[in-house]
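The next block holds one structure in the form of structure tokens; read it before the comments.
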Amino acid sequence: MEKYYQKEIECATRDEILKIQEEKFLKQAEHVWNDVPYCRKKWEEKGVSLSDIKSLDDISKLPFLSKDDLREAYPYGLLGVPLKDCVRIQSTSGTTGKRVVAFYTQEDIDLWEECCARAIMAAGGTDEDVCQVSYGYGLFTGGPGLNGGSHKVGCLTIPTSSGNTQRQIMFIKDLNATILCCTPSYAAYIGETMKEMGMSPEEIPLKAGIFGAEAWSEEMRHDIEKTLGIKAYDIYGLTELSGPGVSFECSAQTGMHINEDHFYAEIIDPDTGEVLPEGEEGELVFTSLDKKAFPLLRYRTRDICVLTREKCSCGRTHVRMRKPKGRSDDMLIIRGVNVFPSQIETVLLNNGYAANYQIIVDRVNNTDTLDVNVEMTPEMFTDNLGEIDARQKRLSEGLKNMLGIKAKVNLVAPKSITRSEGKAVRVIDKRKI
Amino acid sequence: MAVNQISVFLENRPGALMEMCDVLTKNSIDLRALSLSEANEFGIARILVDDVLEASTVLKDAGFVNSFVPVVAISIPDTPGGLASILKILTDAGVNLEYMYAFVGREAGSAYMVFKVADVETAESALSQKGLNSVDQEQVKEL
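One line per chain: the protein sequences are A and B, in this order.
Those letters in the first sequence? Residues 1 to 433, per the numbering used here, in order.
Those letters in the second sequence? Residues 434 to 576, per the numbering used here, in order.
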């Protein structure tokens, strides 16, 4: 039985959703025009005025907002309400460039937490569940978002935050946690640590995991599902829009449902900015329909993905987005070829290696080099040099086939690659360009 | 009675072997024989030690992936043709050698060969038929 947090809206008809979106959008456009001078100036530069915005279709007239805008407007430039009406600040993880800070009113937080509650129920969660939130708490939205969602569902919430992995496992076991929320790389690490402690998945009560904030491959999903004995669900979000819960997976696991009553999604051609029809791959652009403190219209996520409105077996009607290949921030351009860390991860897991790896990009004599450090595991080790060599060759070939460029594989000692408790540092780019 | 050799994965970087030896030293493990093989980007240290279980555990705890590999260790007569006579026995028994290495014992003039073969049982029975008994795990400590 599929569970819903807000069935009426999650399963609303297309017309109902469009009606809600248009109503909210027109109100939001007015709010931005009146209260965010930074955006009003951008509209005017494009020759757009509030009187031009009469329907949802007119959204295509509006200028885009990018991460650069957020940096330029840092810290208060995009604020939509007086500071005294804000109750919270969250910030991006700052893996790329300057941090971005986002503001929330209490209503903004409520709707964000509702989005997370929908995700938890879609993963089978109810008020009978014990939900361990092992995302970092603090500026990072992962912990606070799922924590709030878990409360809304009525789960008994264990706010472990990240770190102290053995204690995490102890809590899961002793306090009967049935749902785990964290980054996929930390979930994998918890699984690895359990294995080392000699624990099998049957010994822990977990049944589901909600993992996000990082790009992860299908292969990694299978791996985590096996080591933790759970069903693993993807969740997607951006601090700029609220945090996790912008979209989430249901039991069908054929893409993530975007919470369309709060976020309006478009796919554009990243080069021309032209809106693309449903089913085409392009950059995901979001409009926050009802956030008051940080009302972003047409925010370019740099995530490359596809939207589909095909009927979903879970009963939800909200549009689904395919798992993005990775934020374009994660994308590397090596010898002119686009490389996503998630592609490398897929090849590693397909070849029997663990998802512990590091990608090192450098430039030697004006040519980019790509090194992939992979940890040797007891399972992959043999006394036979030839066999290890052959496996390494197969891995190199697999990488070449996947990426289209040559990668050098280095086998390194177990545990020599730092484990992540939050977002994994997968890439070291030494190129000085 | 085959001997358990420990094969240890070593990263290709300065100090990798030294760190492995440090771990053994700190745990008072006596290294009886060592052979190094290297591929392009990594190496394998093959060692015989007095306490295999302890050595394997402390190495694993220190982050060295390792495995047990059964090998045949045998005393070699210190005379011309000493090794050849043993190789002949193995050849006649149809035993294929994967690799081998030598080490000397504490006793003056004693030398040993370690053979990694595909079929340890056949090798040992061929040798024992000629009255040659391979070293067993207990004896490694005494050599």
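Each residue gets a CB set at the ideal place from its N, CA and C atoms; glycine is no exception.
Comparing C-alpha distances from A413(A) to each of A354(A), I405(A), K393(A) shows the shortest one belongs to A354(A). Close partners of S396(A) in chain B (Cβ separation under 9 angstroms) are lacking, with about 11 angstroms as the shortest Cβ gap.
For V100(A), the closest alpha carbon among the candidates W112(A), L111(A), T141(A) is that of T141(A).
Using a Cβ distance threshold of 8 angstroms, I480(B) and A466(B) count as a contacting pair. Closest by C-alpha distance to D483(B), out of S500(B), S508(B), L457(B), E474(B), is L457(B).
Within the DSSP secondary-structure output, C305(A) pairs in a beta bridge with G282(A). Relative to the Cα of L111(A), the nearest Cα in the group V246(A), I20(A), I304(A) belongs to V246(A). Taking CB atoms only, A526(B) has no neighbour in chain A less than 8 angstroms away.
At the C-beta level, P324(A) and A208(A) stay beyond 8 angstroms of one another.
Residues of the same chain with a CB within less than 7 angstroms of the CB of C86(A), apart from the 5 flanking positions on each side, are F103, Y104, T105, A293 in chain order. Here L469(B) is exposed. Its C-beta has fewer than 16 other C-beta atoms within 10 Å. Around I53(A), the same chain offers A29 as residues with beta carbons nearer than 6 angstroms, after the five sequence neighbours per side are excluded.
Within the DSSP secondary-structure output, M546(B) pairs in a beta bridge with I507(B), A535(B). Secondary structure remark: continuous beta strand (DSSP E) runs of at least 3 residues inside the region 210 to 257 of chain A, in chain order: 231 to 238, 243 to 249. Between G496(B) and chain A, the shortest Cβ-Cβ separation is below 8 angstroms. Annotation: Cβ neighbours of V502(B) in chain A (cutoff 7 angstroms, chain order): D383. Setting aside the 5 residues that flank it on each side, Q358(A) is surrounded in the same chain by V372, N373, I417, V425, R426, V427, I428, each with a C-beta closer than 8 angstroms to its C-beta; the list follows chain order. Rounded to the nearest whole angstrom, the C-alpha separation of L156(A) and K430(A) is 45 angstroms.
Of all residues in the region 407 to 421 of chain A, only K408, V409, N410, L411, V412, A413, P414, K415, S416 come within less than 9 angstroms of chain B when Cβ atoms are compared, listed by chain position. In summary, D234(A) is buried, with 16 or more beta-carbon neighbours lying within 10 Å of its beta-carbon over all protein chains present. By the criterion of a C-beta distance shorter than 6 angstroms, E249(A) is surrounded in its chain by Y233, D234, M256, once the five residues flanking it on both sides are discounted. A distance below 8 angstroms separates the beta carbons of F501(B) and N437(B). Only S470 from the region 452 to 471 of chain B bring a Cβ to less than 7 angstroms from some Cβ of chain A. Contact residues of the region 526 to 543 of chain B toward chain A are absent (C-beta to C-beta distance below 7 angstroms).
In summary, T524(B) is exposed, with fewer than 16 beta-carbon neighbours lying within 10 Å of its beta-carbon over all protein chains present. With a threshold of 16 other beta carbon atoms within 10 Å, G191(A) meets it and is buried. Looking at F211(A), K61(A), D261(A), the one whose alpha-carbon comes closest to that of T183(A) is F211(A). By DSSP's assignment, N410(A) forms a beta bridge with N373(A). The Cβ-Cβ distance between F263(A) and L297(A) does not fall below 8 angstroms.
Taking 8 angstroms as the CB threshold, D290(A) stays off the interface with chain B. I388(A) reaches chain B at F442, A472, F475, I477, counting residues in chain order whose Cβ is nearer than 9 angstroms.
Any Cβ of chain B closer than 8 angstroms to the Cβ of P277(A) would place that residue at the interface, and such an atom is absent. Taking each of S508(B), N529(B), Q572(B), G448(B) in turn and checking the Cα distance to G564(B), the smallest one comes out for S508(B). The DSSP-derived three-state label of F171(A) is helix.
DSSP places R88(A) in the uninterrupted beta strand (DSSP E) bounded by 88 to 91. For N147(A), the enclosing alpha helix (DSSP H) stretches over residues 142 to 153.
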